[in-house]
Amino acid sequence: MLDTIIIDGLSFSLPLFIMAIGGIYSEKSGITNLALEGFQGFGAFTGAFVTVYFYRIFGADSNIPYFAGFLFAIIGGGVFALFHALLCVKFKANQVISGVVMNILAMALTSFLTKRINASFFGDGANKFTLSASAKLTVPGLSELPVIGALFRDVYPFELIIIVVAAVMWLVLYRTVYGMRLRACGDNPHSADAAGINVYAVRTIAVMISGCLSGIAGMSFVYSVSAQFSPDIYLGYGYLSIAALIFGNWSVLPALFACMLFGFARSTGAAVIQELGLPSSYNDLVRTLPYILTLLLLVFFGRQNRSPRALGQIYDKGQR
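Residue numbers (the working numbering): 129 to 448.
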């Protein structure tokens with residue numbers, strides 16, 4: 129039972145984590161990003177379509193469709209995020225409203241496009257793309273260790289991808305010139321502009337990065353939740369990532385702990401229900417555990433968070 133909790137908890141926590149990093153990038157630059165939900169949805173739609181299409185070319189046993197799906201999920205999420213960036217940065221739209229609209233647009237658009245693509249390309253009017261189940265990896269020797277051996281057993285390939293990408297994004301944020309400029313734009317954009325930093329460009333790139341990382345998360349959920357894409361499989365996960373980055377005080381490592389807390393709450397509930405032999409309808413109740421936990425954390429720790437000082441503020445160069 130403990131092994132199942134660890135394995136399932138990680139497969140849910142890590143996609144949340146990489147999406148939370150994307151939110152950190154956007155909000156550290158000063159752009160409020162409630163659109164992570166939509167970014168992951170559109171990225172997952174793009175990646176799933178490419179995967180299904182490549183199955184017909186290379187076969188379901190090839191690894192090419194799998195990795196091509198992730199690549200195009202990154203591209204799809206980034207392109208979709210560009211619209212949010214243009215609205216918030218160039219046209220100075222209200223960032224909260226823009227984020228909500230992007231989520232609604234992604235849900236409606238992916239549902240419509242999935243049906244049309246299935247009808248046109250595959251002769252099927254369903255609103256989902258069915259993928260082959262993802263292979264899992266097990267590390268010989270390490271997987272036999274007590275308790276921690278579960279960390280090396282039945283690991284999805286996307287978990288390794290996420291760990292590598294997360295490490296790179298941490299280095300970029302805290303150890304590069306771009307990361308320093310990004311954080312400066314989120315704290316004092318006028319001073320950053322006076323220092324010669326293009327605030328508009330930095331913020332636009334940051335939002336697009338959040339879309340790319342959310343695309344990875346969306347595609348990961350496609351493989352780990354049901355091995356198929358449908359517009360409703362990811363509902364709520366983007367908001368959990370937003371909660372994680374807020375509870376993590378807009379820092380990468382604390383956000384990881386928050387995501388793991390949500391993930392293990394979900395996997396523990398599912399394992400308990402299975403252990404007790406309760407009806408499958410109780411699984412719906414388990415899915416609410418991360419959100420209940422979010423509310424509790426909000427009550428006890430919400431006042432201790434300090435956001436970037438210019439978060440949500442529309443930057444106008446002429447007001448400097």
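Cβ coordinates follow ideal geometry from the N, Cα and C atoms, glycine included.
Buried or exposed for residue i, please, with buried defined as at least 16 other CB atoms from any protein chain shown within 10 angstroms of its CB.
i: Asn-433; result: exposed
i: Gly-366; result: buried
i: Lys-156; result: buried
i: Arg-309; result: buried
i: Pro-407; result: exposed
i: Glu-287; result: buried
i: Pro-274; result: exposed
i: Ala-372; result: buried
i: Ile-337; result: buried
i: Thr-416; result: exposed
i: Ile-276; result: exposed
i: Arg-437; result: exposed
i: Ser-395; result: buried
i: Ala-145; result: Sequence inspection shows Phe at residue 145; the Ala mentioned does not correspond to that position. It counts as buried.
i: Leu-363; result: exposed
i: Thr-304; result: exposed
i: Pro-268; result: exposed
i: Val-292; result: exposed
i: Phe-240; result: exposed
i: Phe-219; result: exposed
i: Ala-355; result: exposed
i: Ala-322; result: exposed
Which one or two residues does DSSP pair with residue i in a beta bridge?
i: Val-283; result: Leu-265
i: Thr-258; result: Gln-356
For the candidate residues the options, whose alpha-carbon lies nearest to that of residue i?
i: Ser-348; options: Ile-401, Gly-158, Ala-261 and Tyr-443; result: Ala-261
i: Ser-141; options: Pro-418, Ile-232, Tyr-328 and Gly-227; result: Pro-418
i: Gly-440; options: Phe-145, Leu-215, Val-224 and Met-147; result: Val-224
i: Ala-345; options: Ser-154, Ala-172, Ala-329 and Leu-130; result: Ala-172
i: Phe-257; options: Arg-281, Asp-321, Thr-242 and Leu-270; result: Thr-242
i: Leu-301; options: Ile-333, Tyr-443 and Ser-239; result: Ile-333
i: Leu-341; options: Phe-375, Ala-278, Gly-175 and Arg-281; result: Gly-175
i: Ala-393; options: Asp-189, Leu-404, Arg-437 and Leu-413; result: Leu-413
i: Phe-211; options: Phe-200, Leu-199, Met-230 and Asn-222; result: Met-230
i: Gly-151; options: Ala-294, Ser-239 and Thr-179; result: Ala-294
i: Ser-139; options: Val-350, Gly-364, Leu-426 and Asp-444; result: Val-350
i: Leu-425; options: Gly-391, Ile-374 and Gly-405; result: Ile-374
i: Thr-238; options: Glu-272, Gly-307 and Phe-177; result: Phe-177
i: Lys-264; options: Val-327, Asp-282, Phe-390 and Leu-368; result: Asp-282
i: Lys-445; options: Ala-320, Leu-384, Phe-280 and Met-388; result: Ala-320
i: Val-450; options: Asp-189, Gly-324 and Tyr-284; result: Examination of residue 450 is not possible in this model, given that the chain is present from 129 through 448 alone.
i: Thr-266; options: Phe-200, Leu-279, Phe-385 and Met-147; result: Leu-279
i: Val-327; options: Leu-130, Ile-159, Met-147 and Ala-148; result: Ile-159
i: Tyr-443; options: Pro-143, Cys-216 and Leu-199; result: Cys-216
i: Tyr-153; options: Phe-200, Ala-209 and Ala-221; result: Ala-209
i: Leu-423; options: Gly-253, Ala-386, Lys-218 and Ser-435; result: Ala-386
i: Trp-298; options: Ala-201, Ala-383 and Arg-331; result: Ala-383
i: Phe-198; options: Ser-435, Ala-221 and Gly-339; result: Gly-339
i: Leu-214; options: Ala-329, Ser-435, Leu-421 and Ala-355; result: Ala-329
i: Phe-462; options: Gly-391, Met-388, Ser-271 and Thr-179; result: A query on residue 462 cannot be resolved here, the shown segment of the chain reaching from 129 to 448 and no further.
Output the boundary residues of the alpha helix (DSSP H) element that contains residue i.
i: Arg-244; result: 223 to 245
i: Ile-374; result: 365 to 375
i: Pro-193; result: 192 to 213
i: Ala-398; result: 380 to 404
i: Gln-168; result: 164 to 186
i: Arg-415; result: No alpha helix (DSSP H) holds Arg-415; DSSP gives it neither H nor E.
i: Val-335; result: 327 to 349
i: Gly-440; result: Per DSSP, Gly-440 belongs to no alpha helix (DSSP H) and is neither H nor E.
i: Lys-218; result: Premise fails: Lys-218 is in no alpha helix (DSSP H) and is neither H nor E.
i: Asp-315; result: 305 to 315
i: Asp-189; result: Careful: Asp-189 lies outside any alpha helix (DSSP H) and carries neither H nor E.
i: Ser-271; result: Segment: none, Ser-271 is in no alpha helix (DSSP H) and carries neither H nor E.
i: Pro-143; result: 130 to 156
Answer yes or no: the CB of residue i versus the heavy atoms of the ligand ATP, is any distance below 7 Å?
i: His-318; result: In the structure on display, the ligand ATP does not appear, and there are no ligands present to speak of.
Kindly confirm or deny that the region 373 to 380 and the region 394 to 402 touch, where touching means at least three C-beta pairs closer than 8 Å.
no
Contact between the region 356 to 376 and the region 183 to 195 is defined here as three or more beta-carbon pairs at a separation below 8 Å; is this criterion met?
no
So, does the region 311 to 319 touch the region 236 to 250, judging by three or more C-beta pairs under 8 Å?
no
Taking contact to mean at least 3 C-beta pairs separated by less than 8 Å, is the region 193 to 200 in contact with the region 130 to 149?
With the cut-off at 8 Å, the region 193 to 200 and the region 130 to 149 do not touch.
Do three or more CB pairs link the region 230 to 244 to the region 156 to 168 at distances below 8 Å?
yes
Just checking, does the region 205 to 213 make contact with the region 165 to 179 on the three C-beta pairs under 8 Å criterion?
Touching, yes.
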